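S.K.:
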Ligand SMILES: [Mg+2]
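In this note's numbering, the protein residues as written are 5 to 259.
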């Protein structure tokens, strides 16, 4: 996205800017625990959220607790949508919690214990618990080990029909709700904030296939969607090369 387009957008009457976290605001690390939000990026998000016409949201697979730690001290200025928006906190301290996420919490815990027993002997996996969803990363596993890991997770998918298993490039996302994605999170945010198309300019930054529903959602409302990284297939209206280009844009636009 060009600097001019971004700074012009910030002068609009009402502006919504949604960001994905990992791969968008925070560069990927080999282990998810090593991917921190840079203090400067945090400061830029704070400054954005202080603009009276701008509403900022972070919509991530991570938990609200993690997003809150990222934004410590100013978390309540932003909309934080964790676990793909299964949990959302708003600046007025109201919250949304998906009923299936509550209903299936114990089921998800049980699956987590079984995954910990079954998967590590097959290869190097990281089982990330986001509270309301799980993520199994297998990018560290040898290519020869991956097939067995995928097969094992697929077997669990059959044993746990109430949970939704989404196979991404080198990970599985495991969710308690059906047909739930970042577009659904934006539906909830819209129902709370009430985007009136004449008043609002909408912008969303994301980097992966899990952001595609958010891109479509934003496009359908005449907004601008930006995908970070080089994707061959994307619904986004604009592409930016890397996280650091986005961070550079924020640094230049927000003094
Ligand atoms: Mg991402």
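Think of the CB as a built atom: it goes at the ideal place given N, C-alpha and C, for glycine as much as any other residue.
Note that the structure is predicted; figures quoted are calculated from it, not measured.
#1: Mind checking residue 23: buried by the 16 CB within 10 Å criterion, or exposed?
#2: Which residues count as close to ligand 1 when the rule is a CB under 5 Å from any of its heavy atoms, in chain order?
#3: Looking at the structure shown, is residue 88 part of a helix, part of a strand, or coil, going by DSSP?
#4: Measuring alpha carbon to alpha carbon, tell me which residue in 101, 219 and 39 is nearest residue 230.
#5: Can you list, in chain order, the residues of its chain with a C-beta nearer than 6 Å to that of residue 141? Leave out the 5 residues immediately preceding and following it.
#6: Taking the alpha-carbon of residue 3 as reference, which of 13, 20 and 9 has the nearest alpha-carbon?
#7: Determine, using beta carbons only, whether residue 101 and residue 84 come nearer to each other than 8 Å.
#8: Kindly identify the DSSP beta-bridge partner or partners of residue 256.
#9: Could you please give me the residues that DSSP links to residue 207 through a beta bridge?
#10: Could you check whether residue 171 and residue 217 sit closer than 8 Å to each other, using their CB atoms as the reference points?
#11: For the alpha helix (DSSP H) containing residue 10, list its first residue and its last residue.
#12: What number of angstroms, rounded off, separates the C-alpha of residue 147 from the C-alpha of residue 73?
#13: Three-state secondary structure (DSSP) at residue 243?
#14: Based on DSSP bridge pairs, tell me the residues matched to residue 59.
#15: Straight-line CA distance for residue 226 to residue 123?
#16: CA-CA distance, residue 99 and residue 89?
#17: Let me make sure I understand the geometry here. Which of 36, 237 and 58 has the alpha-carbon closest to that of residue 197?
#18: Taking residue 179 as the reference, give the member of 158, 247 and 108 with the closest Cα.
#19: Less than 7 Å between C-beta atoms, sequence neighbours within five positions excluded: which residues of the same chain meet that for residue 240?
#20: What separation, rounded to the nearest whole angstrom, lies between the Cα atoms of residue 236 and residue 213?
#21: Helix, strand or coil, according to DSSP, for residue 40 in the structure here?
#22: Going by other Cβ atoms of all chains shown within 10 Å of its Cβ, with 16 needed for buried, is residue 106 buried or exposed?
#23: Would you report the Cα separation of residue 127 and residue 56, rounded to the nearest angstrom?
#24: Would a C-beta distance cut-off of 8 Å place residue 248 and residue 233 closer than the cut-off?
#25: Please name the residue in 77, 34 and 92 whose C-alpha comes closest to that of residue 66.
#26: Between 238, 64 and 242, which has its C-alpha nearest residue 136's C-alpha?
#27: Per DSSP, what kind of secondary structure is residue 108 in: helix, strand or coil?
M.R.: Looking at the coordinates:
#1: The residue labelled residue 23 in the question sits at position 19 within the chain shown. Under this definition residue 23 is a buried residue.
#2: Residues with a Cβ closer than 5 Å to any heavy atom of ligand 1, in chain order: 24, 26, 27, 211 and 212.
#3: As a first step, residue 88 must be located in the chain shown, where it is residue number 84. If DSSP states are grouped into helix, strand and coil, residue 88 belongs with the helices.
#4: Here residue 230 is taken as the residue at index 226 of the chain shown, counted from 1. From the listed residues 101, 219 and 39, the smallest Cα separation to residue 230 is found for 219.
#5: On the chain shown, residue 141 is found 137 positions in, with the first residue counted as 1. Here residue 141 has 130 and 175 as same chain residues with Cβ atoms under 6 Å from its own Cβ, once five neighbours each way along the sequence are excluded.
#6: Because the chain here runs from 5 to 259, residue 3 falls outside it and cannot be looked at.
#7: The sequence position of residue 101 within the chain shown is 97, counting from 1. The sequence position of residue 84 within the chain shown is 80, counting from 1. One thing to note: residue 101 has its Cβ no nearer than 8 Å to the Cβ of residue 84.
#8: Reading the chain shown from its first residue, position 252 is the one you call residue 256. Looking at the DSSP output, residue 256 bridges to nothing.
#9: In the chain shown, the residue the question calls residue 207 occupies position 203. Residue pairing from DSSP places residue 207 in a beta bridge opposite 21 and 228.
#10: On the chain shown, residue 217 is found 213 positions in, with the first residue counted as 1. On the chain shown, residue 171 is found 167 positions in, with the first residue counted as 1. Not a contact, by the Cβ cut-off of 8 Å.
#11: As a first step, residue 10 must be located in the chain shown, where it is residue number 6. Membership of residue 10 in the alpha helix (DSSP H) is indicated by the continuous run 7 to 14.
#12: Taking the first residue of the chain shown as position 1, residue 147 is located at position 143. Taking the first residue of the chain shown as position 1, residue 73 is located at position 69. So the two alpha carbons sit approximately 34 Å from each other.
#13: In the chain shown, residue 243 corresponds to position 239, counting from 1. It is a strand residue.
#14: As a first step, residue 59 is located in the chain shown; it is residue number 55 there, counting from the start. The partner list for residue 59 (beta bridge, DSSP) reads 20.
#15: Within the chain shown, the letter at position 222 stands for residue 226. Within the chain shown, the letter at position 119 stands for residue 123. Each residue's Cα considered, the two are about 44 Å apart.
#16: Along the chain shown, one-based indexing puts residue 99 at 95. Along the chain shown, one-based indexing puts residue 89 at 85. Distance between the alpha carbons of residue 99 and residue 89 is about 11 Å.
#17: Residue 197 sits at position 193 when you count from the first residue of the chain shown. Its Cα nearest to that of residue 197, the residue 58 stands out among 36, 237 and 58.
#18: Translated into the one-based positions of the chain shown, residue 179 becomes position 175. It is 108 whose Cα lies nearest to the Cα of residue 179.
#19: By 1-based counting over the chain shown, the position of residue 240 is 236. Taking C-beta separations shorter than 7 Å and ignoring five residues to either side along the sequence, the partners of residue 240 in its chain run 219, 229, 230 and 231, following chain order.
#20: Numbered from 1 along the chain shown, position 232 holds the residue referred to as residue 236. Numbered from 1 along the chain shown, position 209 holds the residue referred to as residue 213. In a straight line, the C-alpha of residue 236 is about 11 Å away from that of residue 213.
#21: Along the chain shown, read from residue 1 onward, the residue named residue 40 stands at position 36. DSSP, read as helix, strand or coil, puts residue 40 in coil.
#22: Taking the first residue of the chain shown as 1, we reach residue 106 at position 102. Exposed.
#23: Residue 127 sits at position 123 when you count from the first residue of the chain shown. Residue 56 sits at position 52 when you count from the first residue of the chain shown. Cα to Cα, residue 127 sits roughly 50 Å from residue 56.
#24: In the chain shown, counting from the first residue as 1, residue 248 sits at position 244. In the chain shown, counting from the first residue as 1, residue 233 sits at position 229. A distance of 8 Å or more separates the beta carbons of residue 248 and residue 233.
#25: The sequence position of residue 66 within the chain shown is 62, counting from 1. Checking every option, the nearest Cα to that of residue 66 belongs to 92.
#26: As a first step, residue 136 must be located in the chain shown, where it is residue number 132. Closest option to residue 136, Cα to Cα, is 64.
#27: Counting from one through the chain shown, the residue named residue 108 turns up at place 104. Residue 108 falls in the coil class under three-state DSSP.
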